[in-house]
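If you count by my numbering, then the sequence shown holds residues 968 to 1157, one letter each, in order.
To start, the structure under review is shown below, and the notes come after it.
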Amino acid sequence: MADYLNTPVLTGIVEADQTMFRESFKGQRKIAKRPVRKRGNDNKKGAKSVPVLVARDRSAGEADFVLKHFTLKNVEQHLLPLLSRDIVLYIDAHLTFETLTRKHHLKHKVLNASAGERVKASVFHIQGVNNYHLRLKGWIQRFHGVATEYLPHYLGWFRWFDKHSSKISQPANFMADFVKADSFQHLIRT
968 MADYLNTPVL
978 TGIVEADQTM
988 FRESFKGQRK
998 IAKRPVRKRG
1008 NDNKKGAKSV
1018 PVLVARDRSA
1028 GEADFVLKHF
1038 TLKNVEQHLL
1048 PLLSRDIVLY
1058 IDAHLTFETL
1068 TRKHHLKHKV
1078 LNASAGERVK
1088 ASVFHIQGVN
1098 NYHLRLKGWI
1108 QRFHGVATEY
1118 LPHYLGWFRW
1128 FDKHSSKISQ
1138 PANFMADFVK
1148 ADSFQHLIRT
């Protein structure tokens, strides 16, 4: 479902950024190679995080991917097939993004958020993708954390609800979007 909802090609101005989710083994009965969690002190420094790469173009095309590690190889594998030739990539100053743009000769603009840089010339910003992160994390928060194994499914689910937020959707609408015409002979909505 998550891959089905990703935009096949991002065009024009594309914003890309990563966000982190805390690794979760929620629902697993046997957890291998994980130290016991110490209670009483909410120490988030030792918690492992899972990176999620999010890319959006200004015409509402969106794609997101759960990565094992935020490396150049993983970013190339997931992001490059979606980028058309005529894009301008707006990124933060993460070294992986800078290496990607240099290696593949992509037009890009870099924003250094840690230096307080949010917008350049009132056009160059990554606020659209940061807003997507905010909405996504707020939506995931209602589940009190999700298992890392199922995080891609939740991302797809969120993308569908985000896309259809302007109208009141029923479960039948949700199912109809994922039933392919060639997989069933007849689909009659009642």
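Here a beta-carbon is modelled for each residue, glycine too, at the ideal position from N, C-alpha and C.
All values reported here derive from a predicted model rather than from experimental measurement.
Next on the checklist: By the three-class DSSP mapping on this structure, what secondary structure does H1100 have?
Outcome noted: Position 133 of the sequence shown holds residue 1100. H1100: helix per DSSP, three-state reduction.
Checklist entry - Based on the DSSP output, what are the partners of E1029 in its beta bridges? => result Taking the sequence shown and counting its residues from 1, the one referred to as residue 1029 is at position 62. R1023, per the DSSP bridge assignment.
Next on the checklist: Relative to the C-alpha of L1118, which candidate in K1074, P1048, K1035 has its C-alpha closest?
Outcome noted: As a working mapping, residue 1118 is identified with position 151 in the sequence shown. Closest by alpha carbon: K1035.
Item to check | Reduced DSSP secondary structure (H/G/I, E/B, other) of E1065 | outcome: Position 98 of the sequence shown holds residue 1065. DSSP places E1065 in helix when its eight states are reduced to three.
Item to check | The alpha helix (DSSP H) enclosing Q1044, as first and last residue numbers | outcome: Counting from 1 along the sequence shown, the entry for residue 1044 is found at position 77. First-last of the alpha helix (DSSP H) with Q1044: 1039-1046.
Checklist entry - In its own chain, which residues sit with a C-beta less than 8 Å from the C-beta of L1216, not counting the 5 before and 5 after it? => result There is no way to answer for residue 1216, as the model of the chain reaches only from 968 to 1157.
Item to check | Residue environment, I998, which counts as buried when at least 16 other CB atoms sit within 10 Å | outcome: Residue numbering aside, residue 998 sits at position 31 when the sequence shown is read from its first letter. With fewer than 16 other Cβ atoms within 10 Å, it is exposed.
Item to check | For H1111, the three-state DSSP class (helix, strand or coil) | outcome: Residue mapping note: residue 1111 aligns to position 144 of the sequence shown, counting from 1. If DSSP states are grouped into helix, strand and coil, H1111 belongs with coil.
Item to check | Residues near V1113 in its chain [Cβ-Cβ closer than 7 Å; skip 5 each side] | outcome: Sequence index remark: in the sequence shown, residue 1113 carries index 146 (1-based). These residues qualify, in order along the chain: S991, K993, I1107, Y1121.
Next on the checklist: Excluding the 5 residues flanking S1081 on each side, which residues of the same chain have their C-beta closer than 8 Å to its C-beta?
Outcome noted: Indexing the sequence shown from 1 puts residue 1081 at position 114. Excluding residues within five positions, the ones whose Cβ falls inside 8 Å are A1060.
Item to check | For D1149, the three-state DSSP class (helix, strand or coil) | outcome: Indexing the sequence shown from 1 puts residue 1149 at position 182. In this predicted model, D1149 has a pLDDT of only 49, less than 50, meaning its place in the structure is not dependable; the value taken from the coordinates is given anyway. Note: D1149 maps to coil in three-state DSSP.
Next on the checklist: Given a cut-off of 8 Å on the beta-carbon distance, is the pair V1096 and A983 in contact?
Outcome noted: As a first step, residue 1096 must be located in the sequence shown, where it is residue number 129. As a first step, residue 983 must be located in the sequence shown, where it is residue number 16. Against a cut-off of 8 Å, the Cβ pair of A983 and V1096 comes out as a contact.
Checklist entry - From which residue to which residue does the beta strand (DSSP E) around L1056 run? => result Translated into positions along the sequence shown, residue 1056 becomes position 89. Unbroken beta strand (DSSP E) run through L1056: 1055-1059.
Checklist entry - Are H1075 and L1056 closer than 8 Å when you measure CB to CB? => result On the sequence shown, position 108 is the one that residue 1075 refers to. On the sequence shown, position 89 is the one that residue 1056 refers to. Yes, the Cβ-Cβ distance between H1075 and L1056 is below 8 Å.
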